[in-house]
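To start, the structure under review is shown below, and the notes come after it.
There are 2 protein chains.
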Amino acid sequence: MQRTLSVIEYSVDEEAMATLSKALSHPVRLKILKLLDSHVCCFTGELTEIIPMAQSTISQHLKALLDAGLIQGEIHPPKVRYCINREQWLKASALFGKFFLSEKECD
Amino acid sequence: MQRTLSVIEYSVDEEAMATLSKALSHPVRLKILKLLDSHVCCFTGELTEIIPMAQSTISQHLKALLDAGLIQGEIHPPKVRYCINREQWLKASALFGKFFLSEKECD
DNA sequence: TTAGTTCATCGCAAATATACGATTAATAAC
DNA sequence: GTTATTAATCGTATATTTGCGATGAACTAA
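Quick note, the sequences are listed as chains Y and V, same order. Position one of the first sequence corresponds to residue 654 (the working numbering), numbered consecutively onward. Position one of the second sequence corresponds to residue 654 (the working numbering), numbered consecutively onward.
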């Protein structure tokens, strides 16, 4: 969609946080993350039982979370076990935390 | 796009955080928020000078941030001064903070 | 009233996201 | 080998997002 001639410059943090936010911008992905975080389940099959969506759709959302680095998958054929990627989780937490540290009041 | 017969239930927090995340999912909106937060500028006109995008596009992004409640606008004809909505800012901060509080490790 | 300023909104085009069923790939069990 | 299981990917339809220029609305200044 980029149609401006001058390409807009964003900071590394802006790009990273936008990418993370996009991954977090769908309620089902938040639900999946919470399920993985609370350890209620880890295998894809359990997710498809809990969440009333087509298996392909769940898989697509898992891929989105994978691409954002928020989760990681371990293959235990023929199943795949997904877990929170704790390293990226902490990075994300730090990024959002830093972002919301207010600087001033608006007068 | 909702095509499942059984409508999926989400918690209030999941809905709220997804909405907030969507508002934060574009780098230019993050840049705008940071500018407003750091008080570098507050009037729309200043944003359109700093950010090389069409005025209508900036206005559209401001509306997205308004709709998410993250900013508020004061009319000073013919200008409009935008500020961070501190109340919603704190709520958002708390929501993300809570979300990223890890519960367990994945073994 | 007329012109100027500022910003929102409209209308459109293109890109991206979302959801599904069907298919494919990989592996285990036989 | 064949079959069953699990999950990823493909193809497609629809919805949403993003961007722009043009226009409109609201107000000021002359």
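Virtual Cβ for every residue (Gly too), placed ideally from N, Cα, C.
- Counting only residues of its own chain and dropping the five nearest sequence neighbours on each side, V/LEU677 has a CB closer than 7 angstroms to the CB of LEU683.
- The beta carbon of Y/ILE711 does not come within 8 angstroms of any beta carbon belonging to chain V, so the residue lies off that interface.
- Between the alpha carbons of V/VAL733 and V/PHE696 lies a gap of roughly 6 angstroms.
- At least one CB of chain Y lies nearer than 8 angstroms to the CB of V/GLY750.
- Inter-residue distance for V/TYR735 and V/GLN725 is about 6 angstroms (C-alpha atoms, whole angstroms).
- Near chain Y, meaning a CB-to-CB distance below 7 angstroms, the residues of the segment 662–691 of chain V are TYR663, GLU667, GLU668, MET670, ALA671, SER674, LYS675, LEU677, SER678, HIS679, PRO680, VAL681, LEU683, LYS684, ASP690 and SER691.
- CA-to-CA, the gap between Y/SER664 and V/VAL681 works out to about 10 angstroms.
- For the pair V/SER746 and Y/PHE753, the CB atoms are nearer than the 8 angstroms cut-off.
- When DSSP states are grouped into helix, strand and coil, V/VAL733 belongs to the strand group.
- Taking 8 angstroms as the CB threshold, Y/PRO730 stays off the interface with chain V.
- In this structure, the beta-carbon distance from Y/CYS694 to Y/ILE703 falls below 8 angstroms.
- Looking at the backbone, the Cα of Y/LEU723 and that of V/LEU673 are separated by about 18 angstroms.
- The beta carbon of V/GLY698 lies closer than 7 angstroms to those of LYS732 in the same chain, with the five residues before and after it left out.
- Beyond the five residues adjoining it in sequence on each side, Y/TRP742 comes within less than 7 angstroms, by CB distance, of LEU723 in the same chain, given in chain order.
- Counting only Cβ-Cβ distances below 9 angstroms, V/ILE703 has no contacts in chain Y at all, with the closest Cβ about 10 angstroms away.
- Against chain V, a Cβ distance below 8 angstroms from Y/ALA745 picks out PHE753.
- Taking all protein chains shown into account, V/ASP720 has fewer than 16 neighbouring C-beta atoms within 10 Å of its C-beta and is therefore exposed.
- Judged by DSSP in its simplified three-state form, V/ILE704 adopts coil rather than helix or strand.
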